[in-house]
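Structure record follows, encoded as structure tokens.
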Amino acid sequence: MTGSTRSSWWDSTIARTGLIDRTAETAHGAGGGTLRFWLEPLFRADGSGGLLQAVRVELAGDRPPRTATARTEGGTQVPCVVEAAPAGTVRLLLPAVDEDTTVTIEFPEVAPGVEFAVRLRPQRRWTLHLVQHSHLDIGYTDPQGTVLAEGRSYLDACLDLARTTDSWPEEARFRWSVEGLSSFEQWAAARTPRQVEEFVDRVREGRLELTAMPFNLHTETCSTDELHELLRPARAVSRRYGLPIVTAMQTDVPGQVVGLPDVLVANGIDYLSVAHNWAGRAVPHLVGGANLPRLFRWRASDGRSVLVWRTDTPHGLAYMEGSIIGFDESYARVDELLPAYLSSLSANPYPHAGKGIPGYPILDAQFDRDPYPWDILHLRVLGTFADNGPPRYVAAETVRQWNETWAYPRMRLSRHEDFFRDAEDRLGDSLETFEGDWTDWWVDGVGAGVVPMALNRQAQSTLADAQTLSTLSGILGADGVHEDTEEAPAVYDKISLFNEHTWGAGDPWTHGCVAHQSGERQWIWKYSQAVDAHDRADVLLDRARARLAERVPRGADALASYAVVNTTSWSRTDRVELFLADSVIRLGQRVQLVDSRTDEVIPFVERAQVNPLHRMAGRFVQCIVADIPAMSVVRLDVRPADDPAEPTYGLDATTSTVLENEFLVVQVDLARARISSIVDKGTGRELVAQSSAFGFNGYVYDQYATAGGFNHQSSKTVADDSMHLLAGRWEAPPAAMVARESTAIGETLVYECVPAGTSKLRTTVTLPRGIARVDIVNRVVKPSTLVKESAFFAFPFATDSPRIRTETTGGVLGTDLPAVPGSATHLRAVRRWVTLDDADGTVAWATHDAPLVQLGRISIPYVPYPSSMTTDEPGTIYSWAHNNIWDTNFPSEQAFDQEFRYSLTFGPPAPGTAPAELGMRLAAAESRPLRALRVTGEPGPAPAAQPLLEVGDPRIRVVGLTSPDDNTVLIRLQSFADEPVECQVRPFFDWTSAFAATYLGERLEQLTPGPDTAIPLALPPRGTGALALTRG
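One point on numbering: in UniProt numbering, the residue at position 548 of the sequence shown is 548, and numbering is uninterrupted.
Here it is as structure tokens:
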């Protein structure tokens, strides 16, 4: 902007000027005149073992003074050195004081006879650890390939800078922390062994630092096993090069999931350095986080902890805190700004007042916060005032000159590890400990890409099941199953690259090829990670099916036999889908489906092939299979049908809007396009709140009075109680019934309408036969728009004050559970399920495609997120299906034809943590479906109807099985119990030894089975653990 246009409040020069102004003091001279001065925390050796402290002064006039005198209140003259200071000011160096002391200062050269009384105060003797890094946005500033290529060149530059500064003073020698370990991995793959060895030597020397996380993520979008897999590269690098990696970094995203400390401590990580960028979208200081210490211990579920250092936006643009005070510019700029920064940090809630700090929202908000208490400080330093910036000399040059000039603050270019060890030595006994989820304020952005998000969630489930099926095939005698486990990390990497926090360009609506304007190109790359993950997981599952198919004997008199595999740790009755290939069973041939355990005929429904001209010829068969034991295989035989009667599928003649099965009665209200009633037949309890603001599965569409296509506008917008930002809200119009079926597998009703924000909304409500569950599929066909929008599906349950638990990655959030102060309160990302329980019973709800929820209310999606509702409804879950609120990084508009699937069930009042049992079993219906495969083994008797593995506590689930080698079965477990549990794991296959292990398969202590052959494995409250078995 030029001419007479005022600067934006996001102009960092305003912050710098404000920092100087808020630390200035004023003295009025006896006899006239005004002195502006700053008590700076700068000390210089006086040459005789003492220290001089600095007072920077500014005196009105044409020229700064070159001489000054200073006297105590008693008239004793004290030494006073005058030297030039920044911006035309001067510094007075006076003997350091240990208590408040008033001195009288005169400037005889420019203001003779005018004395100014200045009250000196003791100053902290700071130690500054400057940690240099480049903030890794995989994208945002350039297409992803360009960013990654530049990142490789940055590590070359690190070696150059390390060599150049080898002879410099130790504290000024170049050091660098690699923010994401994937940068090193890619660099090492593209460099010679000699170059890699040089880099590794620098790591051993303490000049370069490798950190444990591969990149920065929205960790709550990870699966539990994926979260652990993030540390596999760190463990591999550590073993390969003999390098202990003890520090992790997470930058930008303002929040980390509850399971992260468990993963870190399990893999030898002691320290976590986070930089929370509020970006105008986070207000932790207004919801209890104002006095969260910057250094604290974050307790893992087993009682161990990681030591956390955090910085955030008000401390100086989070990870740009060093740049805003000049560390990427020059010694002169640091000399001007650093003393004021330290003074303000010591005296104010935050060093910056707010203006000029992009993303520091609601500057007039009231909150209480104590100033920073310690004299040791960690400052992140970038090579340039930008994301994805290069390493440079400037910080090392500044440190060298600074330490030559000043005794304090003492500066040191450091690694994170250096700071943490120093801080632990100084402060370790006084640090506070916190536990629970550190809920992410930015996770609403993932609603901007609902189709790839759903694909990625499907890939997570498929990948876990692929490894489990493969391992089960190994237990049954298949060879080479370790190959599937060895190939899984590459798929996890694709999944995690989609969950990585950079979703696209700085200006995501653009179509260029370079820089922030490469929006479309960056989104294609990002989207492709989810597609590739989905497809590669399917390939692994296909191979695992083939391995297992050979290990199951087929029925001698069957046209074909199918193995139905239960990959969960509990017995199940559920829906199964088989594909009868025309190459095996002709399309016109009538068949019957027989359970090989009982020789009973199973009713089924046939469905036609989708896109039949271009896919495998054949038909689908859907049925309900009862009582499949945990971790087991049940065989179904397809035999010729003797009865020539009509097939058991087809439309019911009735048009009733009531669905009923053995457990539930569901009423649909077509006039409001909602479910009006769900009644538990056993107790008569109504599960749907009848007086809620929106109906059950009611569609709610909001538009906002903000504009798209303007960079960071959503970060500059503030909501209030006036509701001016809610431009409109619409519910679904009356719906028309499209189909009503009553079949062998359940009762189904399909209805359709055209609500605002869609081209079509088609809802399918299903009551499976013999299962106490309601399945809902909302298919939304949505056009693209830059208009700011959100869509929700409301689920108001009939409970007034429930205890709520939500599954998250590696743990649980709950209304009765602790959280790290300052966690986001208006939204969360759900892994799979939510439970609500009260004295009347328990309800479980699962979301299979869309992770975002708001509980009890719909908030206006701009800080400070006020409610848009007249009253809160504690029993209502709002599934936030999609949005495009963000103006940067996340896609600005989306069009799709996407299904949003939900399930719900109910149970009696549950003690303790039993509701979690209901939640995880409900979620498995779609996230861990019963897998069917056509068996190819030799004819023989059906496999025994018993589990291959049994877990003794119903609150514990098997996350998955893997095969680190062909003789090892690794069982990944997750506990939802609130107390420590000694879980009894009973394998029903031959094994020779058992070890507690990490999720990555690293063996810990050996375990001894009990007399009943069950193996006791200790699991922490709401935590994870693994068991490694050597097969006999």
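Backbone N, C-alpha and C define an ideal beta-carbon position, used for all residues, glycine too.
- For Y562, the enclosing beta strand (DSSP E) begins and ends at 560 to 566.
- Excluding the 5 residues flanking it on each side, L455 has same chain C-beta neighbours closer than 8 angstroms at A530, V531, A533, H534, in chain order.
- Pairing T809 with C158 gives a Cβ-Cβ distance that is not under 7 angstroms.
- Taking a 10 Å sphere around the C-beta of G383, we find 16 or more other C-beta atoms and assign the residue as buried.
- Note on geometry: alpha-carbon atoms of F184 and R173 lie some 21 angstroms from one another.
- Less than 7 angstroms separates the beta-carbon of W38 from that of T23.
- The criterion of a C-beta distance shorter than 7 angstroms is not satisfied by D538 and G519.
- Spatial neighbours of A190 in its own chain (CB-CB distance under 8 angstroms, excluding positions within 5 residues in sequence) are listed in chain order as R152.
- The three-state secondary structure of I585, taken from DSSP, is coil.
- Under the DSSP assignment, V237 falls in the alpha helix (DSSP H) whose first and last residues are 232 to 241.
- By the neighbour-count definition (other C-beta atoms within 10 Å, threshold 16), I745 is a buried residue.
- Of all C-beta pairs linking the region 861 to 869 to the region 251 to 262, fewer than three are shorter than 8 angstroms, placing the two stretches out of contact.
- Beta-bridge partners of F906 (DSSP): V843.
- A direct Cα-Cα distance of roughly 8 angstroms separates Y562 from L578.
- Restricting attention to I362, A544, G504, the CA atom closest to the CA of G474 is found in A544.
- DSSP, read as helix, strand or coil, puts T462 in helix.
- Runs of the beta strand (DSSP E) spanning 3 or more residues and lying entirely within the region 255 to 330 occur at 271 to 276, 295 to 299, 305 to 312, in chain order.
- With distances taken between CA atoms, W168 lies nearest to V399 out of P947, V399, H315, D137.
- Boundaries around T485 are those of the alpha helix (DSSP H), 482 to 499, since no beta strand (DSSP E) includes it.
- D62 carries a coil assignment under DSSP once its states are collapsed to helix, strand and coil.
- In this structure, A819 and T439 form a Cβ contact; the two beta carbons are roughly 7 angstroms apart against a cut-off of 8 angstroms.
- Around the beta carbon of V688, 16 or more other beta carbons lie within 10 angstroms, which makes this residue buried.
- Counting C-beta pairs with one atom in each stretch, the region 799 to 806 and the region 870 to 890 have three or more that are closer than 8 angstroms, which means they touch.
- Minimum Cα-Cα distance from T146 among the listed residues C513, E197, V935, G436 corresponds to C513.
- The beta carbon of E432 sits closer than 8 angstroms to the beta carbons of P293, F296, R297 from its chain, once the five residues preceding and following it are set aside; these are given in chain order.
- Counting the other Cβ atoms within 10 Å of the Cβ of K681 gives fewer than 16, which makes it exposed.
- A819 is bridged by DSSP to D437.
- Just so you know, the alpha carbons of L161 and N711 end up roughly 35 angstroms apart.
- Just so you know, the alpha carbons of D444 and Y331 end up roughly 40 angstroms apart.
- DSSP lists R91 as the beta-bridge partner residues of E83.
- In the three-state reduction of the DSSP assignment, W176 falls in the strand class.
- Spatial neighbours of L725 in its own chain (CB-CB distance under 8 angstroms, excluding positions within 5 residues in sequence) are listed in chain order as Y704, A705, T706, T717, A719, I860, Y862.
- Taking a cut-off of 8 angstroms on C-beta distances, the region 200 to 208 does not touch the region 484 to 492, as fewer than three cross pairs fall below it.
- Here T26 is exposed. Its C-beta has fewer than 16 other C-beta atoms within 10 Å.
- With respect to the C-alpha of S691, the residue from E197, S676, W402 having the closest C-alpha is S676.
- In the DSSP annotation of this structure, the continuous segment of the alpha helix (DSSP H) that includes S153 starts and ends at 144 to 164.
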